[in-house]
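What follows is a short report on a single structure.
Numbering (the numbering used here), first residue to last: 1 to 607.
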């Protein structure tokens with residue numbers, strides 16, 4: 001435990017406050033600072049000399065703990081015992097000194113006498129919550145954690161309240177990493193305090209080390225479910241436990257059984273299905289939405305489930321290997337939804353997804369263009385909706401070999417939404433199109449403007465593209481290699497990954513020794529990630545971080561590795577390593593803030 005924190009806890013526990021410090025500031029400030037410094041440095045001899053003087057002054061009992069600990073470290077047990085007994089006589093109501101005396105006997109090896117003092121203190125506890133808590137805290141101060149737990153549990157019996165001191169006990173169990181007692185305490189409190197569920201999930205995930213911990217907890221939860229089958233909080237906890245083990249179908253089975261047994265509205269199931277989607281468990285999510293649809297059109301979750309079912313099928317079909325037949329069926333499903341509900345703001349999402357399918361997966365960009373052009377004319381849309389539709393339309397114009405139309409649309413959005421994020425997005429798409437066409441100087445100029453964009457993602461993408469262009473147009477050979485790379489990126493944009501990889505692989509053959517090696521590797525890794533080939537992608541990313549420590553893609557590679565290990569490869573330990581490396585080695589990266597947040601979340605901070 002951090003000694004400096006303990007020092008101030010000790011001061012607070014004995015009533016030392018700012019007023020005491022002010023009273024003694026003129027005569028003792030230097031001594032106080034020196035004493036604390038000596039104590040932190042482990043120079044207990046010098047600390048004890050100063051602390052003895054401080055403790056002799058009136059109202060300075062706040063320095064007792066640090067002085068007492070110094071004497072213990074120096075094995076001056078007689079001096080410590082004399083001091084403690086004197087303070088007990090002066091302050092008979094303060095059981096902190098009694099506990100200190102017991103601690104002294106423990107250190108001396110007189111366990112019997114120490115236990116007698118401790119047991120007597122616990123046996124004399126009154127029916128007063130404050131005094132119970134104070135005694136337990138005194139045990140905690142002197143690192144007698146088992147006795148602190150014993151005091152709190154005895155307090156529960158005295159008060160006749162099994163929910164008393166829950167959070168104090170949870171803090172001790174967590175500090176000691178006592179997984180068994182943490183599990184039991186959370187299970188005992190959740191039925192009456194379901195609001196603690198998010199904390200329970202966060203804390204337990206931070207202390208559980210492997211699947212065995214989750215399976216042990218699963219058994220304990222199931223016992224609770226058997227005793228209280230209608231307690232929704234235990235079903236939620238069991239579902240979370242299955243999700244942590246990536247057992248999504250088991251989680252769904254429990255949710256459906258609970259929904260049927262309690263004749264619930266489906267709200268819990270609907271909300272949890274979002275978690276399935278976030279974890280890319282699309283097949284399980286589809287089953288969940290299909291079950292919710294069986295509740296009929298009168299259910300408040302019927303239309304939302306219908307919408308999310310289509311979106312999940314879209315995610316499934318476009319997240320890796322897919323067949324044209326499956327995508328054509330999905331397109332028909334979107335069209336049915338549009339036909340049933342009309343073309344309006346409520347079906348805008350379906351129109352956009354249908355256009356995306358036709359443009360990038362079904363080789364029907366002309367149909368996508370018509371859908372988007374018609375959608376822009378729909379009444380009731382916000383200016384932001386229209387601006388986004390125009391950006392999507394500009395992208396489709398590229399696919400239909402109308403780059404000039406794309407430039408015009410991007411320029412229109414840039415000017416119409418000047419100073420807003422969507423304007424920067426339009427400017428970047430214009431820069432990207434110029435890059436595809438080999439107009440590197442214009443593209444670089446646009447990127448330089450965007451480096452100060454408020455959107456971190458746009459600013460980072462613009463910076464990387466600018467650096468890529470600046471580094472690789474120094475000679476005709478460099479420029480030609482960069483043009484091949486731009487052609488490959490255009491193939492990625494058109495969703496032609498196989499052709500893109502062939503083009504990327506041909507760059508080093510046509511232009512040996514070019515400076516695009518790390519950029520090519522990053523592009524290939526992204527293609528593999530999109531197709532669901534996470535392990536090969538991670539191997540490429542690792543090579544980038546090892547071979548190009550000063551490259552423009554290294555921080556991107558580190559962040560992507562952390563993200564892959566957290567979300568796709570299910571290795572939290574590795575995810576933390578890559579986020580930590582990014583934070584430490586690349587503090588100026590635009591990803592460092594997000595990496596720090598993700599690292600702290602994985603470590604369980606702030607719970």
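Just so it is clear, CB atoms sit at the ideal spot from N, CA and C, and this is done for glycine as well. Keep in mind that this is a model prediction, so the values were computed, not measured.
Sequence-distant residues of its chain with Cβ nearer than 7 angstroms to residue i (five each side left out)
i           : result
residue 241 : 214, 217, 218, 221
residue 351 : 338, 343, 371, 375
residue 608 : Since the displayed the chain opens at 1 and closes at 607, residue 608 lies outside it and no answer follows.
residue 519 : 468, 485, 553
residue 590 : 456, 459, 460
residue 373 : 393
residue 483 : 438
Sequence-distant residues of the same chain with beta carbon closer than 6 angstroms to residue i, five excluded per side
i           : result
residue 365 : 359, 396, 399, 400
residue 276 : 248, 284, 285
residue 107 : 72
residue 24  : Residue placement at residue 24 is flagged as unreliable, the pLDDT there being 46, under the threshold of 50; a coordinate-derived value is accordingly withheld.
residue 103 : 142
residue 237 : 221
residue 201 : 240
Proximal residues to residue i (C-beta, below 8 angstroms), its chain only, five neighbours per side dropped
i           : result
residue 602 : 566, 572, 575, 576, 579
Simplified DSSP state of residue i, which is helix, strand or coil
i           : result
residue 381 : coil
residue 552 : coil
residue 534 : helix
residue 323 : coil
residue 318 : helix
residue 193 : coil
residue 346 : helix
residue 90  : helix
residue 160 : coil
residue 590 : coil
residue 479 : helix
residue 297 : coil
residue 464 : helix
residue 171 : helix
residue 247 : coil
residue 386 : helix
residue 459 : helix
residue 268 : helix
residue 365 : helix
residue 10  : Caution is warranted here: a pLDDT of 41 is assigned to residue 10, below 50, making its placement in the model unreliable, and the coordinate value is therefore given only provisionally. Residue state, collapsed to three classes: helix.
residue 26  : In this prediction, residue 26 scores a pLDDT of 44, lower than 50, which makes its location untrustworthy; the coordinate-derived value is nonetheless stated afterwards. Helix, per DSSP.
residue 597 : helix
residue 525 : helix
residue 631 : For the chain, the structure presents residues 1 to 607; residue 631 sits outside this window and is missing.
residue 474 : coil
residue 165 : coil
Whole-angstrom distance between residue j and residue i, CA atom to CA atom
i           : j           : result
residue 537 : residue 281 : 20 angstroms
residue 314 : residue 329 : 10 angstroms
residue 319 : residue 570 : 18 angstroms
residue 38  : residue 587 : 34 angstroms
residue 179 : residue 186 : 11 angstroms
residue 116 : residue 101 : 11 angstroms
residue 207 : residue 136 : 24 angstroms
residue 261 : residue 531 : 40 angstroms
residue 461 : residue 583 : 19 angstroms
residue 557 : residue 327 : 31 angstroms
residue 152 : residue 164 : 8 angstroms
residue 43  : residue 50  : 11 angstroms
residue 316 : residue 131 : 59 angstroms
residue 448 : residue 412 : 20 angstroms
residue 409 : residue 426 : 8 angstroms
Best match in the options for proximity to residue i [C-alpha to C-alpha]
i           : options            : result
residue 440 : 266, 561, 514, 465 : 465
residue 134 : 298, 293, 97, 590  : 97
residue 146 : 130, 118, 123      : 118
residue 87  : 109, 75, 63        : 63
residue 390 : 419, 355, 437, 363 : 355
residue 272 : 61, 202, 288       : 288
residue 514 : 559, 169, 485, 76  : 485
residue 172 : 132, 150, 160      : 150
residue 581 : 487, 545, 369      : 545
residue 93  : 125, 527, 113      : 125
residue 32  : 42, 43, 53         : 53
residue 297 : 266, 312, 317      : 266
residue 322 : 334, 361, 293      : 361
residue 157 : 122, 181, 325      : 122
residue 585 : 82, 74, 550        : 550
residue 525 : 511, 548, 495, 561 : 561
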